[in-house]
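Trainee: Protein chains in written order, with the working numbering: chain R, 34 to 463; chain Z, 659 to 770.
Positions of the beta carbon are idealized from the N, C-alpha and C atoms, including for glycine.
Since the structure is predicted, the reported quantities are computational estimates derived from the model, not experimental observations.
Could you have a look at this structure, given as C-alpha cells, before my questions?
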C-alpha cells in the first residue's frame, strides 16, 4: 500500500464531497425564493441516497469484475462483500486501499444525479425526485461509470480519454437533465415571468466551493500523488480562470455587462470542460479548452429560449455542452502524439453513446414515474412554492424591515412612552 | 388631522427621518414598497436573458399630523427626499377622522 497516495485520495474524496453542498448553493441561489430550500434539498438528498446504494450494490455494479462485454460489473461485492481494510486497489507500488478508492468514487456517484436537479427546478415532487435518482444511478450512472473507468469497460477498452468524468458525469447528467425537463414540461410562466436568481452571493459561494472541491475531483482522479495529479490540478485552475474570462467577454460584447452570474457560470463551464481533458494536455491546451468552453457555453445557455425547452438552470448549456467540448477537444489537443483525428473519433464515440444512452433511459425513467406516482408538482404547489409544499419551511424570515435602520432616536421616543406608562403596567401586573 | 404619505427612494429614508425629528414628529411608520412612476423600471440580464423589472424598490413613510402642521411637514419631507433625479417619488395627504392611542385610549390630536 502506498501511504502518500492513500492520504491524497482520502483528502480528495473529502474535497469532492464538498462539491455537492457547493452545487446546492450554486443552484439554490439561482431559483426564486419560494423554492430555494427545495433546490438545496434536491442536491443534498443525494448524499444520503447514493451513499447507501453504493454499499448495497453500486460499487459492485461499477467496479466489480465485468459480467461480459464491458457493460456492467458483477455482484461479487454486493453489500461490500469481500472488502476489508487490507483489500488493495491498483498495482503494487501505487496501490491504495479499496475502501479509499470506493470512498472517492462514491462522491462522484453522489454529485452526478445532483447535477440533474438544475434542469428541473421549481416543479418536481420531492418524493418522486428521490425515487428518480435512486433508479437513475442504478441503471444509468453505475453502468456508464463502469464503461468508462473500469479496466474491462467497453469505452475504456476503446481508449476513450475521460480522466475525471466528462462523459460519465457531465454528459451523462446533462443529457438526463434534458430528458427529464422534456418529460416535465416548462415551469409555469417560463419566458413570460422574470425568474430572477433570488440570491447571487449564494451562487458565487457555491461556485467557489465547486471550484475548490474540483481539485479533488480532477487531480484526485490520478489516484496517486504524482506529476499527473499536479498537471491536472494546475490545468484545472488555468482552464477555469480562462473560461470565466471567456464567458464575461462574450457577455460584455453581447449583453453589455460583466455579470456575477456570468463569472460563476463561466468558472463552472471551465471546470466541466477540463474534467475529461486536463491530464492529457499542457497549459496551452488548457487555455484553449477554457476559452472555448467559456464562450461556447455562454452562447449555449440561450438555446433553451430559442428551442423552447425549460432547462431551468442550464444543465444542458453548461454541463452537456461543456462536457462534449472537453471530451472532443482532448481528442485534438492531447499531448505525447495521442491527439489527432483518430483519437477525436474515439472521443466522439464515447461522448455520443453516453449522451444517447443517458437521454433515452432517463426519459423512460422520468415518464414511468410520471404515469405511476406523478413526477410534477401540482399547479398550486408550484405557484405557492415547493418549500412550503414539501418541506414545511421558508428559506428566509422577511418579517423585519430590511435595508433601513430603525434610528436610535425613534427607538428612544418609544422608550420614553413606555417609561411614562411603566408604573401603570406594574400595577396591572401585580 | 391629516395622514401624510410619502413614497420615496429607499436611500433617502435616514435623511427624511432626521428632518422629521427636527420638525418635532414623534412617530412614523415605514413600509418597504415597490412601484413605478414616470421612470418605469430597469433592465436586468441573467445568463443572457433580459428581464424588464417594472417595479423598483421604494419606501412608504406614513405620518399623522395636526391640520395646521400638514403643509409644513409635506415641505420638510419633499425637501429631504429630493435628489433631483427622476424617480424621487410622491408625497400626499388625506384627511383623517380620528386616531386613538392604543395604550391610553386618548383620541384625536392628543393621540399624536
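Does any C-beta atom of chain Z lie closer than 8 Å to the C-beta of residue 290 of chain R?
Mentor: With a threshold of 8 Å between beta carbons, residue 290 of chain R makes contact with chain Z.
Trainee: Who are the Cβ neighbours of residue 207 of chain R in its own chain at under 7 Å, not counting the five residues just before and after it?
Mentor: 348, 349, 352, 353 and 356
Trainee: Could you please tell me which residues of the stretch 693-718 of chain Z, in chain order, have their CB closer than 8 Å to any CB of chain R?
Mentor: Residues 702, 703, 704, 705, 706, 707, 708, 709, 710, 711, 715 and 717.
Trainee: When the Cβ atoms of the stretch 716-724 of chain Z are set against those of the stretch 222-242 of chain R, are three or more pairs found closer than 8 Å?
Mentor: no
Trainee: Applying the criterion that 16 or more other CB atoms from any shown protein chain within 10 Å of the CB defines a buried residue, is residue 412 of chain R buried or exposed?
Mentor: Exposed is the call here.
Trainee: On the DSSP bridge assignment, give the partners of residue 126 of chain R in chain order.
Mentor: None, per the DSSP bridge assignment.
Trainee: Can you name the residues of chain Z whose CB is closer than 7 Å to the CB of residue 230 of chain R?
Mentor: 704
Trainee: I'd like the ranges of any alpha helix (DSSP H) spanning at least 4 consecutive residues and lying wholly in the stretch 355-426 of chain R.
Mentor: 374-405 and 412-417
Trainee: Report the option in R:259, R:71 and R:142 whose CA atom is closest to the CA atom of residue 93 of chain R.
Mentor: Per the C-alpha coordinates, the member of R:259, R:71 and R:142 positioned closest to residue 93 of chain R is R:142.
Trainee: So which residues on chain Z does residue 334 of chain R lean against when the C-beta distance must stay under 8 Å?
Mentor: 705 and 706
Trainee: Going by alpha carbons, who is nearest to residue 384 of chain R out of R:334, R:194 and R:262?
Mentor: R:194
Trainee: Leaving aside the five residues before and after residue 759 of chain Z along the sequence, list all residues of the same chain whose C-beta is less than 7 Å from its C-beta, in chain order.
Mentor: 769
Trainee: With a threshold of 16 other CB atoms inside 10 Å of the CB of residue 375 of chain R, please say whether the residue is buried or exposed.
Mentor: exposed
Trainee: Please tell me whether residue 146 of chain R has its Cβ less than 8 Å away from any Cβ of chain Z.
Mentor: no
Trainee: Distance check for residue 137 of chain R and residue 113 of chain R, CA to CA, integer angstroms please.
Mentor: 15 Å
Trainee: Would you mind working out which of Z:727, Z:667 and Z:728 sits nearest residue 690 of chain Z, comparing C-alpha positions?
Mentor: Z:667
Trainee: How big is the Cα-Cα spacing for residue 218 of chain R and residue 181 of chain R?
Mentor: Distance between the alpha carbons of residue 218 of chain R and residue 181 of chain R is about 31 Å.
Trainee: Which residues does DSSP pair with residue 292 of chain R in a beta bridge?
Mentor: Paired residue(s): none; residue 292 of chain R is not in a bridge.
Trainee: To the nearest whole angstrom, what separates the beta carbons of residue 333 of chain R and residue 268 of chain R, a pair I think is in contact under 8 Å?
Mentor: Residue 333 of chain R to residue 268 of chain R, Cβ: 22 Å. No contact.
Trainee: Using the C-alpha atoms, what's the distance from residue 111 of chain R back to residue 90 of chain R?
Mentor: Between residue 90 of chain R and residue 111 of chain R, the C-alpha separation is close to 5 Å.
Trainee: Considering only their Cβ atoms, is the gap separating residue 116 of chain R from residue 132 of chain R smaller than 8 Å?
Mentor: yes
Trainee: Between residue 76 of chain R and residue 170 of chain R, what straight-line distance do the alpha-carbon atoms span, to the nearest angstrom?
Mentor: 14 Å
Trainee: Looking only at its chain, what residues have a beta carbon closer than 6 Å to the beta carbon of residue 422 of chain R, apart from the 5 residues adjacent to it on each side?
Mentor: 414
Trainee: Looking at the structure shown, is residue 671 of chain Z part of a helix, part of a strand, or coil, going by DSSP?
Mentor: The three-state secondary structure of residue 671 of chain Z, taken from DSSP, is helix.
Trainee: Classify residue 186 of chain R as buried or exposed, calling it buried when 16 or more other Cβ atoms lie within 10 Å of its own Cβ.
Mentor: buried
Trainee: Mind checking residue 704 of chain Z: buried by the 16 CB within 10 Å criterion, or exposed?
Mentor: Answer is buried; the Cβ neighbour count reaches 16.
Trainee: In chain order, what residues of the same chain have a beta carbon less than 8 Å from the beta carbon of residue 320 of chain R, not counting five sequence neighbours either side?
Mentor: 271, 272 and 275
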